[in-house]
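Just so you know, UniProt numbering puts the end of the sequence shown at 367, numbered straight through with nothing missing.
Following: one structure in structure tokens, then a few remarks.
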Amino acid sequence: MPAGYTSTAAASHGAAISACVLVGSFGLFLVQKPAILSRSAATGGPGRWTSSDSDEHTLDRILMDASMPDNTVILTTMNEAWAAPDSVLDLFLESFRIGEGTRHLLNHLVIISLDRGAFSRCTALHSHCFPLITEGVDFSREAYFMTPGYLKMMWRRIDFLRSVLAMGYNFVFTDADVMWFRDPFPNFHPDADFQIACDHFSGGAEDTRNVPNGGFSFVRSNERSMEFYNFWYSSRNTYPGLHDQDVLSRIKNSSFIRNGGIKMRFLDTDLFGGFCEPSRNLSRVCTMHANCCLGLSSKLNDLRLLLEDWKRYSSLPERLKPLSPPSWSVPQNCSIKSLFHDEDESDFLDEEEEEEEEEEEDHYYSI
Ligand SMILES: *[C@@H]1O[C@H](CO)[C@@H](O)[C@H](O)[C@H]1NC(C)=O
Ligand SMILES: *[C@@H]1O[C@H](CO)[C@@H](O)[C@H](O)[C@H]1NC(C)=O
Ligand SMILES: *[C@@H]1O[C@H](CO)[C@@H](O)[C@H](O)[C@H]1NC(C)=O
Numbered sequence: 001m002p003a004g005y006t007s008t009a010a011a012s013h014g015a016a017i018s019a020c021v022l023v024g025s026f027g028l029f030l031v032q033k034p035a036i037l038s039r040s041a042a043t044g045g046p047g048r049w050t051s052s053d054s055d056e057h058t059l060d061r062i063l064m065d066a067s068m069p070d071n072t073v074i075l076t077t078m079n080e081a082w083a084a085p086d087s088v089l090d091l092f093l094e095s096f097r098i099g100e101g102t103r104h105l106l107n108h109l110v111i112i113s114l115d116r117g118a119f120s121r122c123t124a125l126h127s128h129c130f131p132l133i134t135e136g137v138d139f140s141r142e143a144y145f146m147t148p149g150y151l152k153m154m155w156r157r158i159d160f161l162r163s164v165l166a167m168g169y170n171f172v173f174t175d176a177d178v179m180w181f182r183d184p185f186p187n188f189h190p191d192a193d194f195q196i197a198c199d200h201f202s203g204g205a206e207d208t209r210n211v212p213n214g215g216f217s218f219v220r221s222n223e224r225s226m227e228f229y230n231f232w233y234s235s236r237n238t239y240p241g242l243h244d245q246d247v248l249s250r251i252k253n254s255s256f257i258r259n260g261g262i263k264m265r266f267l268d269t270d271l272f273g274g275f276c277e278p279s280r281n282l283s284r285v286c287t288m289h290a291n292c293c294l295g296l297s298s299k300l301n302d303l304r305l306l307l308e309d310w311k312r313y314s315s316l317p318e319r320l321k322p323l324s325p326p327s328w329s330v331p332q333n334c335s336i337k338s339l340f341h342d343e344d345e346s347d348f349l350d351e352e353e354e355e356e357e358e359e360e361e362d363h364y365y366s367i
């Protein structure tokens, strides 16, 4: 594996503020490019963090290095708790190595680090690491990185992803607690702009009753997807206090989408499953997400079991594989209570937020 990214990161001073303007049917949107932190390679050690003008094109360069010939990248976000040894990151990377035809996809994976701990662990393990912070944040305060508000973090992700689209890259966004067992690309809908995995799949790829999960999506960069991300991002003001996934559930049947604003498809849980609704066939499953799960230790426990299940399946003789029953041993410690409701969503949200306060550090990410 090539050396970590730090060797090419040049540190300098000054805030990188640049904006690009997108004109859409919703008027003008300012897309603020993310400020970029770079760890000075020269200082070595724990690394010195500075915002940097000269790194304005760092993201561009990292995406270019990681991209497939058709400008597609795989993106995930990471904080220190998830990047620590024996935590989520190690299991995530292991899944690519033991999956069928997934190892080469690591060459196209960019790990977006949300704090310095995650960034330094990334550079030790992986070749495409990008450190992300938001403009105007005093990043000298380490506490900030370790205790970011859940909503702020989730919306920052949407904001970041729309800037990736604006740079011309298609992306698979994957939470790091999604285990990759098969190459998903042959199983994506060939002509959709935006496709997303589900906590619950109703059976139809276009059915807006599906319950989407923002932890896994494939988005093609074009006018429609950029406008959609602008619409989604601006809808946070229409539904204050909700995170991106719940806002998506509110807007998925909006006139913007019904009137052809974007071609949206929902992915079958048999292929893109999770603890909410596991895939029913190990011979078809591409990914399994540790969704419907609260608490990092439970998540790690069950992710390890999930990898064991896969290894057991993989070691079967080829002729027996298709006959293998869907014998997941998970969810075990992960909460099995249904985390998706149609009618009483707000009750669930209150409950969820309370639990998040207790364990904020553990899961910034969709559950
Ligand atoms: C979506 O919206 C249309 C028009 O308002 C409505 O007829 C339809 O029932 C809605 N579908 C769902 C699944 O909510
Ligand atoms: C699982 O999928 C494989 C490959 O598509 C198929 O041959 C097999 O019959 C399926 N098994 C079940 C139980 O549906
Ligand atoms: C998982 O659940 C079992 C049984 O409730 C418990 O003994 C164990 O400590 C849990 N493990 C983790 C890592 O949470």
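Glycine included, each C-beta is placed from N, C-alpha and C at the ideal position.
Please read these numbers as outputs of a predicted model, since none were measured by experiment.
Margin query: Counting beta carbon pairs with one atom in the stretch 286-305 and one in the stretch 234-245, are three or more of them shorter than 8 Å?
Written below: no
Notebook entry, point to check: How long is the line joining the alpha carbons of CYS293 and PHE275, rounded to whole angstroms?
Noted result: When only Cα atoms are considered, CYS293 and PHE275 end up about 8 Å apart.
Notebook entry, point to check: Hey, is residue 455 close to ligand 1, as in C-beta under 6 Å from one of its heavy atoms?
Noted result: Beyond the ends of the chain as shown, which are 1 and 367, falls residue 455; an answer cannot be given.
Item checked: Contacting residues, own chain, Cβ-Cβ under 7 Å from PHE201 (five flanking each side not counted) -> ASN210, PHE266, ASP268, THR269, GLU277
Next item on the list: Measure from the C-beta of VAL330 to each C-beta in chain D and report whether the shortest distance is under 7 Å.
Entry: Protein chain content of the structure displayed is limited to a single chain, and chain D is not contained in it.
Checklist line | Burial state of GLN332 (16 or more Cβ within 10 Å) | finding: exposed
Checklist line | DSSP three-state assignment for ASP199, whether helix, strand or coil | finding: strand
Check: My guess is that SER254 and LEU282 are in contact by the Cβ rule of under 8 Å, so how many angstroms apart are they, rounded?
Finding: Between SER254 and LEU282, the beta carbon gap of about 37 Å keeps them out of contact (Cβ cut-off 8 Å).
Margin query: If the criterion is Cβ atoms closer than 7 Å, does the pair LEU109 and ILE62 meet it?
Written below: no
Notebook entry, point to check: CA-CA distance, GLY261 and GLN195?
Noted result: 14 Å
Checklist line | Between the CA atoms of ASN187 and ASN154 - distance to the nearest angstrom | finding: A quick correction: the sequence has Met, not Asn, at residue 154. C-alpha separation (whole angstroms): 27 Å.
Margin query: Going by beta-carbon coordinates alone, are THR287 and VAL178 separated by less than 7 Å?
Written below: In contact: THR287 and VAL178 (Cβ atoms closer than 7 Å).
Notebook entry, point to check: With respect to the beta strand (DSSP E) encompassing MET179, which residues constitute its N-terminal and C-terminal limits?
Noted result: 178-180
Check: Excluding five sequence neighbours on each side, which residues of the same chain lie with their C-beta closer than 7 Å to the C-beta of ASN79?
Finding: LEU114, ASP115, ALA118, TYR364
Item checked: the stretch 215-223 contacting the stretch 166-176, beta-carbon criterion three pairs below 8 Å -> yes
Check: For the candidate residues TYR233, MET264, PHE181, LEU165, whose alpha-carbon lies nearest to that of HIS189?
Finding: MET264
Next item on the list: Closer than 6 Å by C-beta to ALA192: which residues in its own chain qualify, once you throw out the five before and the five after it? Chain order, please.
Entry: Close CB contacts of ALA192 within its chain, under the 6 Å cut and outside five residues either way in sequence, are with LYS263, ARG265 (chain order).
Notebook entry, point to check: Roughly how many whole angstroms lie between the Cα atoms of PRO85 and CYS122?
Noted result: 11 Å
Note to self: By DSSP's criteria, ARG265 is part of a beta bridge. Which residues make up the other side?
What the structure shows: GLN195
Note to self: Among the candidates HIS289, ARG284, ASN259, ARG258, whose CA atom is the shortest distance from the CA of GLY273?
What the structure shows: Among HIS289, ARG284, ASN259, ARG258, the Cα nearest to that of GLY273 is on HIS289.
Note to self: Suppose you measure from the CA of GLN32 to the CA of ARG156; what does that come to, to the nearest Å?
What the structure shows: Because GLN32 carries a pLDDT of 31, less than 50, the predicted location of this residue cannot be relied on, and the following value inherits that uncertainty. Those two C-alpha atoms are separated by around 11 Å.
Note to self: On the criterion of 16 or more Cβ atoms from any shown chain inside 10 Å, does LEU132 qualify as buried, or is it exposed?
What the structure shows: buried
Check: Is the CB-CB distance between SER298 and TRP180 below 7 Å?
Finding: no
Next item on the list: Verify the contact flag: ARG253, CB atom, against every heavy atom of ligand 1, threshold strictly below 6 Å.
Entry: In the sequence as presented, Arg is not what sits at residue 253; that position holds Asn. Yes, the beta carbon of ASN253 sits closer than 6 Å to at least one heavy atom of ligand 1.
Notebook entry, point to check: With distances taken from CA atoms, which of SER120, ASP207, SER314 is nearest ALA83?
Noted result: SER120
Notebook entry, point to check: Leaving out five residues before and five after MET68 in sequence, what residues of the same chain have Cβ atoms less than 8 Å from its Cβ?
Noted result: HIS108
Check: How about ARG209: is its Cβ closer than 6 Å to a heavy atom in ligand 1?
Finding: yes
Margin query: Tell me the rounded alpha-carbon separation between LEU300 and SER249.
Written below: 28 Å
Next item on the list: Could you tell me which residues DSSP pairs with CYS129 in its beta bridges?
Entry: Looking at the DSSP output, CYS129 bridges to ILE111.
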